[in-house]
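Reading the sequence shown from the start, the letters are residues 9 to 366 in our numbering.
Every residue, glycine too, gets a C-beta built ideally from N, C-alpha and C.
For reference, the structure is listed below as structure tokens.
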Amino acid sequence: GVEGTAVLCQHRASAGFGVAFSFVPVTMKHRRKLLAAVIAVIVPCGAFIVPSASTNGAKTPMRSVAVRQQLPHPQPTTRLNLALVPPPILSTDVGSCFGLFASSGSVPLVSSALLNAILFFALRRKLLTALTPEGFAHSLALGTMLWAAGGWRVWSVCVLYLFLGQAVTKVGFEEKDALGIAEGRGGRRGAENVWGSAMTATLCAAGAAQSFMRGDSFLGIEGAAWILGYVSSLATKLADTFGSEIGKAYGKSTFLITTLRRVPRGTDGAVSLEGTVATAVGGAILASYACFGVGLISVQGIAVATVSAFLATLVESLIGATLQGKESLEWMTNEVVNFINTLVGAALAILIKKKTFL
């Protein structure tokens, strides 16, 4: 039953996560809390993100990607398939390395969890210079869900965002720190930063998985459009990070976007020529990788994602200048603004694709 499956998934995933968390530099009590949090996020979310192999709710084992692609497409439906079925920990499709490295389609959740645990363990020293222990745990959950929803290509786009975003944050960090405008915690990202930046991407990946599994649109949006939205959301966040960090480090003249009044570097809603150019470059880099590196989007999709990211970043600057920091809007934190920013970027890209048939 569903309850037994959830227990099975937790048991198998716990073994892999235990390897990754055994080297996180926190106390055993904290490790247990972090592990429990990751499992609590992955198990219920996995039921939505990874569609089951049957659209009628039958509890049949999830087939490997290659085997599923040989089957007729199921009848289109708009019903959410929330059946949690136990995928085999080792797929019968040996040619695709247990389904983990299939070029498209969803991947068994438990297999994805184990692989991400191994990768996080191998890269733990590097990752913990970019993430807090809580950020490490939530990034592990995020990586598991993205790989499960779309495979290694979808996962790698988010990984590229993480490393490029961290690298540009370190540009001119000492000067920015002296001015009090550098990122807190030495630029390390926490759990709130992870989801503020990647929640929209996770939703788009889930939408794509549902759409491709049904062979039809999901919520009126085709799978290719969901993927373009996914890429655009991360391109938007990288564009914002590039613009913000380069602008704070090298911006010679910064102006408030609403009044064009000169303001100090690092002011919410401020823009500069250097930061604006960096914004366009950051979005284009990620979109180009999604096209030429892993083939998720077309060449036209690069332009759509880059333009959407640029426009969404301008919207983010407007929000920063008009709403952020107001006493009556204390809930409008950087993380909330980041979520809105990426949501606008994804929505613009999906809308452009639907209207232009790119």
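message = Less than 8 Å between the C-beta atoms of T287 and G251, yes or no?
response = Counting from one through the sequence shown, the residue named residue 287 turns up at place 279. Counting from one through the sequence shown, the residue named residue 251 turns up at place 243. Taking 8 Å as the Cβ cut-off, T287 and G251 qualify as a contacting pair.
query = Hey, L304 and I235 are a contact pair by Cβ (cut 8 Å); roughly how many whole angstroms apart?
reply = Here residue 304 refers to the residue found at position 296 of the sequence shown. Here residue 235 refers to the residue found at position 227 of the sequence shown. 6 Å between Cβ atoms; contact.
message = Please report the straight-line C-alpha distance between Y238 and T210, rounded to a whole angstrom.
response = As a position in the sequence shown, residue 238 is number 230, starting the count at 1. As a position in the sequence shown, residue 210 is number 202, starting the count at 1. Roughly 8 Å between the two C-alpha positions.
Check whether V307 and E324 have beta carbons under 8 Å apart = One-based indexing of the sequence shown puts residue 307 at position 299. One-based indexing of the sequence shown puts residue 324 at position 316. In this structure, E324 does not lie closer than 8 Å to V307 by Cβ.
ask   = Between A145 and L172, what straight-line distance do the alpha-carbon atoms span, to the nearest angstrom?
value = In the sequence shown, residue 145 corresponds to position 137, counting from 1. In the sequence shown, residue 172 corresponds to position 164, counting from 1. Going from the Cα of A145 to the Cα of L172 covers about 20 Å.
request  = Tell me whether T249 is buried or exposed, calling it buried when 16 or more other Cβ atoms sit within 10 Å of its Cβ.
outcome  = Here residue 249 corresponds to residue number 241 of the sequence shown, with the count starting at 1. T249 is buried by the Cβ-count criterion.
query = Which same chain residues, not among the five before or five after G195, have their C-beta less than 8 Å away from its C-beta?
reply = To locate residue 195, count along the sequence shown from 1; it is residue 187. For G195, where only same-chain residues beyond five positions count, the Cβ hits under 8 Å are A138, Q174, T177, K178 and F181.
message = Counting C-beta neighbours from all protein chains within 10 Å, is the total for E191 16 or more, i.e. buried, or is it exposed?
response = Counted from its first residue, the sequence shown places residue 191 at position 183. That one is buried.
task = Could you give the DSSP three-state label for I358: helix, strand or coil?
result = The residue labelled residue 358 in the question sits at position 350 within the sequence shown. Three-state result, I358: helix.
key: Contact set for K361: own chain, Cβ-Cβ below 7 Å, skip 5 residues either direction   = Counted from its first residue, the sequence shown places residue 361 at position 353. Here the set comprises A233, L236 and V312.
task = Note down, in chain order, each residue of its chain lying with its Cβ closer than 8 Å to the Cβ of L281, except the 5 sequence neighbours on either side.
result = By one-based count along the sequence shown, residue 281 stands at place 273. Here L281 has G259, K260 and S261 as same chain residues with Cβ atoms under 8 Å from its own Cβ, once five neighbours each way along the sequence are excluded.
Rounded C-alpha distance that separates F220 from A199 = Against the sequence shown, residue 220 aligns to sequence position 212. Against the sequence shown, residue 199 aligns to sequence position 191. Going from the Cα of F220 to the Cα of A199 covers about 30 Å.
query = Can A206 and C166 be called in contact, C-beta distance under 8 Å?
reply = The count along the sequence shown starts at 1 and reaches residue 206 at position 198. The count along the sequence shown starts at 1 and reaches residue 166 at position 158. Yes, they are a contact pair.
ask   = According to the Cβ coordinates, are I293 and G277 closer than 8 Å?
value = Counting from 1 along the sequence shown, the entry for residue 293 is found at position 285. Counting from 1 along the sequence shown, the entry for residue 277 is found at position 269. The answer is no: Cβ separation not under 8 Å.
query = CA-CA distance, L319 and S120?
reply = On the sequence shown, position 311 is the one that residue 319 refers to. On the sequence shown, position 112 is the one that residue 120 refers to. The straight-line gap from Cα to Cα measures roughly 34 Å.
request  = With a threshold of 16 other CB atoms inside 10 Å of the CB of P272, please say whether the residue is buried or exposed.
outcome  = As a first step, residue 272 must be located in the sequence shown, where it is residue number 264. By the 10 Å Cβ count, P272 comes out exposed.
query = What are the start and end residues of the alpha helix (DSSP H) that includes T177?
reply = Translated into the one-based positions of the sequence shown, residue 177 becomes position 169. Its alpha helix (DSSP H) spans residues P141 to T177.
ask   = Among all the DSSP beta bridges, which residues are the ones paired with S280?
value = For this step, residue 280 is matched to residue 272 along the sequence shown. Paired residues: T262.
key: Environment of A247 [buried if 16+ CB atoms lie within 10 Å]   = Sequence index remark: in the sequence shown, residue 247 carries index 239 (1-based). Flag for A247 reads buried.
query = Looking only at its own chain, which residues have a Cβ that is under 6 Å from the Cβ of L154, when we skip the five neighbours before and after it?
reply = Your numbering for residue 154 matches position 146 in the sequence shown. Hits under 6 Å: V162, W163, C166 and A213.
Distance, T330 Cα to L337 Cα = Counting from 1 along the sequence shown, the entry for residue 337 is found at position 329. Counting from 1 along the sequence shown, the entry for residue 330 is found at position 322. Cα to Cα, L337 sits roughly 11 Å from T330.
query = Among G283, T350, T284 and T314, which has the Cα closest to the Cα of A298?
reply = Position 290 of the sequence shown holds residue 298. When G283, T350, T284 and T314 are compared, the shortest CA-CA separation from A298 is found for T314.
task = Give the secondary structure of I189 by DSSP, where H, G and I count as helix, E and B as strand, and everything else as coil.
result = Walking along the sequence shown from the start, residue 189 turns up at place 181. Residue state, collapsed to three classes: coil.
ask   = Name the DSSP beta bridge partners of F226, please?
value = In the sequence shown, residue 226 corresponds to position 218, counting from 1. Note: F226 sits in a beta bridge opposite I229.
task = Determine the DSSP secondary structure at R273, reduced to helix, strand or coil.
result = Within the sequence shown, the letter at position 265 stands for residue 273. Coil.
request  = Pull up the distance between the alpha-carbon of L242 and that of T350, whole angstroms please.
outcome  = As a position in the sequence shown, residue 242 is number 234, starting the count at 1. As a position in the sequence shown, residue 350 is number 342, starting the count at 1. Between L242 and T350, the C-alpha separation is close to 7 Å.
query = Run through DSSP, which three-state label would R196 get?
reply = Counted from its first residue, the sequence shown places residue 196 at position 188. In the structure shown, R196 adopts coil according to DSSP, grouped into three states.
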